[in-house]
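In the numbering used here, the protein residues as written are 328 to 400. Beta carbons: idealized from backbone N, C-alpha and C, even for Gly. Heads up: the structure comes next, in structure tokens.
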């Protein structure tokens, strides 16, 4: 699995291909969802899904290290 943190960059990854315009959603009068709400919803889903833990992604130690880099700590 490729692990990528946009702030840290990655060779061969074009972040602009992952950006989407919100124009159509705004035209349809869909509300913008704050990041905190999205994160809380995903966490609630993960806890309620009743399946084995997800195996992809950062370990807690890796996540702390990358957040520290992002925050300049």
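Nearest-angstrom Cα distance between residue i and residue j?
{"i": "residue 374", "j": "residue 358", "result": "25 Å"}
{"i": "residue 361", "j": "residue 368", "result": "11 Å"}
Tell me whether residue i sits in a helix, a strand or coil according to DSSP, three-state version.
{"i": "residue 345", "result": "helix"}
{"i": "residue 376", "result": "coil"}
{"i": "residue 387", "result": "helix"}
{"i": "residue 393", "result": "helix"}
Given residue i, which residues of its chain have a CB within under 7 Å of its CB, disregarding the five upstream and five downstream residues?
{"i": "residue 387", "result": "none"}
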